[in-house]
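Taking it in order: structure first as structure tokens, then the write-up.
Protein chains: 2
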Amino acid sequence: MAKELLPKKSDNISEWYTSVIRIADLADYGPVKGTMIIKPYGYAIWEAIQKQLDGYIKEKGVKNAYFPLFIPMSFLEKEKSHVEGFSPELAVVTVCGGEKLEEPLVVRPTSETVIYDAYGKWIQSWRDLPLMMNQWCNVVRWEKRTMPFMRTSEFLWQEGHTAHATHEEAIEMQNWAMDAYSKVYRDLLAIDGYTGLKSITERFAGAANSLTFESLMPSGKVVQSCTSHDLGQNFSKVFNIKFQDEQGVDSYAWQTSWGYTTRSIAALILAHGDDNGLCLPPNVAPIQIAIVSAKATKEVVDFCRLLNEELVGNGIRSEFDNRDDETFGYKLNKWEVRGAPIVIKVGPREVDNGKLTCRRRDTLSDVEINRGDATINIRELFDEIQSSMLNSSVNYKEENTRTASNYDEFKDIMKQHKGFIKVFWNDDPKIEKIIKDETTATTRCKIAEDTSGVDFYTGKPAKDIWLFAQSY
Amino acid sequence: MAKELLPKKSDNISEWYTSVIRIADLADYGPVKGTMIIKPYGYAIWEAIQKQLDGYIKEKGVKNAYFPLFIPMSFLEKEKSHVEGFSPELAVVTVCGGEKLEEPLVVRPTSETVIYDAYGKWIQSWRDLPLMMNQWCNVVRWEKRTMPFMRTSEFLWQEGHTAHATHEEAIEMQNWAMDAYSKVYRDLLAIDGYTGLKSITERFAGAANSLTFESLMPSGKVVQSCTSHDLGQNFSKVFNIKFQDEQGVDSYAWQTSWGYTTRSIAALILAHGDDNGLCLPPNVAPIQIAIVSAKATKEVVDFCRLLNEELVGNGIRSEFDNRDDETFGYKLNKWEVRGAPIVIKVGPREVDNGKLTCRRRDTLSDVEINRGDATINIRELFDEIQSSMLNSSVNYKEENTRTASNYDEFKDIMKQHKGFIKVFWNDDPKIEKIIKDETTATTRCKIAEDTSGVDFYTGKPAKDIWLFAQSY
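Chains A and B, in that order, give the protein sequences.
Using the working numbering, you'd call the opening residue of the first sequence number 18 and step up by one each time.
Using the working numbering, you'd call the opening residue of the second sequence number 18 and step up by one each time.
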């Protein structure tokens, strides 16, 4: 738990990252290479995200369901680009109940195929549409280069899958999902980012197009942890998802899928942490307030206990850290590493003068509030911290979004700063590959259609504005 | 959706069971043999159970976490009886990312081994105890004879895993879990049952002893869908879960594990359904109230809409079924099959006289209430339905618990009635096997220690009272 064991974030962000996960007790390594144990403190962050996002999903009328973990290999093979995209990453079950299987089973890397096989049976008429389901589950993608939360062989996510009568309706759904994700990012995680369309190279295997939310980390690299796909009729044609419209004409359904993963917790850790450890925004912090007493006299302990009960009773995630084997200093240190948004330090002085000393994790400064209206004051402080953290993220993003008008400028930015590079560009997989090989940067997303400029790479008239960056 | 397609429960309960699941839209078959798709109407029942049980778990101070799906085969082999119990049912991953694995990976059938391997690393001192974690997840047990919800190759559950300094504390935990499960069964599912200890044959592979909740179905067979195990030091010795006590002495931790599964939904369907379909208790019904209009005039539709808004606003899971392609009769029929506890039938008369006609699903009778205080009246009705359904279950259990003083009486009861058979008996795996082979009955649980009788099978002095029954 000791902060001293933590490498400086500013010195070596990857070492800092793996250390802070361990020291702040977010996760541990699993016994199988590339797997992870999400410990209670990390899982509580996921539960806070789930609660918010599940609320949005239910409000929209999307229904939760559960589809099988195992998918027949032949299902994956039905959609050509889908299987090409996923086959290098598959975990395959070949033996069940002591017998070799005739057809191997794939552990779901994503569930389009198994869900759309069912949709093909369930959908007959326009009255069955829209069909909108979601599941919260685990998926497996066998990754060579792993990193806790960021890229693990198994991860948790929600995947929404919908079928609509028209393409317009599907696009509306695709946009809705990305809006919900951005809200979670901004309002809960206090992380800003860019939303836009993926390039041909980067889009989901089997999608007509993919929306993404891309957020910049202090390493200068970018995290993508949620995407929303317009699947067009690609899967409905393969899985025969047909409906008879009001005029009696048969059509293939228009589909979307969208997913949000535990990877967002990697972004949360990286974006806000500092040399002292984690720094969690109040809206997602498992412990929003840690109460720590400077002296364990009866008066002080009673005061802390009462305060804690009052805060908890008012719906604040507060904890009175009453361990008797740790010093005051050790506890302050511990809650700093663990990123609790506010630590309330209580000693005899506070008991006497009716004031509370609140240590803000984000600014590392003390704020004095009245004990009398502690809940109101703390709620206000939460709002201030939350919006101040989001503002930092907005500023960081903006300061690190640079424009390149040609490839030399582009390469200079990659060498000197990394971050987002904004360019006029025409999507071309071959060029994207060259740029990636030469600079490590790939397209993150198309943020606007704009014909006023020239393609930074080819010098020809360009149609769109794109963001490039190195990604995790 | 048509009730006419439903076989009579009284004629053939297994055909009725698979039909009602399909017609009421609870679940569908997955593409892989023995797997199931839990559809939204079925999944919402699971969510209601989760919400309640997760609340109990958090109140108790048990923390949610997430452990990996894949377990190295060698982990399972560490605890001898554990691997013997589970090896016939394992699904095994042998290929990952296109390469054959050196050590095959087991898809978790339960997570003792992977969790206790971690506990062995995390626990050093008495200060680390109790360590109490829980996860909500999927598990895979490859079953030959499957039945939706009742026994599927993959199912959903929670599994709690704890480590304690003393055996007493572990037993307290084991009892706590079984109490929580009984509360879910009785208060939510309105199903009564017996709690007791499992026999040597029936207990969990690796446990010192297992507590169970056993409930009787109208088929005369019994469902077991949750168990709570005292693991003694069996796993802590194998996974080296040691702690130094306050005196500096090293001891192995005492452990428990406990799980509650989607199998309880099988019990819910079987226990309360009738020839007309599902019958759901209000506390767990996804739709507690269906509002159906006899005539779709503007007045009636507005009345229904307002009523629905009021009920939903008061936290009641109400739905105004406003489809225009189904008749009034068809809708009544549909909500009967789907088991909505109350259907409110609205026509011009109700709009005029300020009364509401509530059709109770459990009694199939109409109750008139005042529109004015609809919410209060409906809440009272819910309570009445819930307790009346539980009472039926209590009565059914008691009427079908019969006492046998010798093996002939036992066999007669099995032939004529099935149900629970209460006997004096001394636990003996060899005798249990003979009884099972000859009568299909197995021990369900030991309900009391009592030395006043003689063993029904051997005629020798007996130590305990046991319940036998045929199980699902």
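Using N, Cα and C, we set each Cβ at its ideal position, and we do this for glycine too.
| field | Any 3 or more C-beta pairs closer than 8 angstroms across the stretch 243 to 257 of chain A and the stretch 324 to 332 of chain A | value | no
| query | Can a CB atom of chain A be found closer than 7 angstroms to the CB of residue 347(B)? | reply | no
| said: Quick check on residue 374(B): does DSSP put it in helix, strand or coil? | reply: strand
| Sheet register partners of residue 272(A) (DSSP bridge) | 180(A), 249(A)
| field | Chain-order list of residues whose beta-carbon lies under 6 angstroms from that of residue 42(B) (same chain, five-residue window excluded) | value | 56, 58
| Can you tell which of 368(A), 402(A), 365(A) has its C-alpha closest to the C-alpha of residue 499(A)? | Within the shown structure, residues of chain A are numbered from 18 to 489, placing residue 499(A) beyond reach of any answer.
| said: I'd like to know if residue 102(A) contacts chain B, where contact means its C-beta is closer than 7 angstroms to some C-beta of that chain. | reply: no
| query | Which first and last residues belong to the beta strand (DSSP E) in which residue 118(A) is found? | reply | 116 to 124
| said: What I want to know is whether the C-beta of residue 259(A) ends up closer than 6 angstroms to one or more non-hydrogen atoms of the ligand NAD. | reply: Within the structure as shown, the ligand NAD is missing, as the structure has no ligands at all.
| task | Measure from the C-beta of residue 269(B) to each C-beta in chain A and report whether the shortest distance is under 7 angstroms. | result | no
| query | What's the C-alpha gap between residue 479(A) and residue 108(A)? | reply | 42 angstroms
| Opening and closing residue of the alpha helix (DSSP H) in which residue 327(B) lies | 315 to 330
| So, are the CB atoms of residue 179(A) and residue 190(A) less than 7 angstroms apart? | yes
| Okay, do the stretch 60 to 79 of chain B and the stretch 293 to 313 of chain B touch, 3+ Cβ pairs below 8 angstroms being the bar? | yes
| said: Distance cutoff 7 angstroms, beta carbons only. Does residue 262(A) sit that close to anything in chain B? | reply: no
| task | Starting from residue 150(B), find everything on chain A with Cβ-Cβ shorter than 8 angstroms and list it in chain order. | result | 57
| request: For residue 4(B), write down the residues that DSSP places opposite it in a beta bridge. | output: Past the edges of chain B, shown from 18 to 489, lies residue 4(B), and the structure says nothing about it.
| task | On a CA-only basis, which of 310(A), 423(A), 214(A), 86(A) is nearest residue 50(B)? Give me that one, please. | result | 86(A)
| request: Count the C-beta pairs between the stretch 400 to 415 of chain B and the stretch 462 to 473 of chain B that are closer than 8 angstroms, then say yes if the count reaches three, no if not. | output: no
| Just by C-beta distance, which residues in the stretch 163 to 193 of chain B are closer than 7 angstroms to chain A? | 171, 173
| field | Own chain, CB closer than 6 angstroms to residue 158(A), minus 5 neighbours either side, in chain order | value | 106, 126
| Is residue 483(A) near residue 457(A), with beta carbons less than 7 angstroms apart? | no
| query | By Cβ distance below 6 angstroms, which residues in the same chain neighbour residue 495(B) in space, the five residues on each side in sequence not counted? | reply | Any property of residue 495(B) remains undetermined from this structure, which presents chain B solely from 18 to 489.
| said: With a threshold of 8 angstroms, are at least 3 pairs of Cβ atoms found where one atom belongs to the stretch 311 to 321 of chain A and the other to the stretch 403 to 410 of chain A? | reply: no
| query | When the Cα atoms are used, what is the spatial distance from residue 359(B) to residue 119(A)? | reply | 48 angstroms
| Are the CB atoms of residue 307(B) and residue 338(B) nearer to each other than 7 angstroms? | yes
| Whole-angstrom Cβ separation of residue 76(A) and residue 252(A), contact assumed at under 8 angstroms? | Wrong, their Cβ atoms sit about 26 angstroms apart, outside the cutoff.
| Interface partners of residue 159(A) on chain B, CB under 7 angstroms | 113, 114
| request: Find the nearest neighbour of residue 233(A) within the set 211(A), 102(A), 244(A), judged by alpha-carbon distance. | output: 211(A)
| field | Interface residues of the stretch 76 to 93 of chain A facing chain B [CB-CB below 8 angstroms] | value | 80, 81, 82, 83, 84, 85, 86, 87, 88, 89, 92
| said: At the 7 angstroms Cβ level, is residue 423(B) part of the contact set with chain A, yes or no? | reply: no
| task | Under 9 angstroms between beta-carbons, which chain B residues line up against residue 344(A)? List them in chain order, please. | result | Simply none; closest approach about 15 angstroms.
| task | Name the residue from 477(B), 123(B), 130(B) whose alpha carbon lies nearest to the alpha carbon of residue 274(B). | result | 130(B)
| said: I want to see whether chain B comes within less than 7 angstroms of residue 338(A), judged by CB atoms only; does it? | reply: no
| query | Quick one: is residue 141(B) buried, meaning 16 or more other Cβ sit within 10 Å of its Cβ, or exposed? | reply | exposed
| query | Okay, do the stretch 202 to 209 of chain B and the stretch 284 to 294 of chain B touch, 3+ Cβ pairs below 8 angstroms being the bar? | reply | yes
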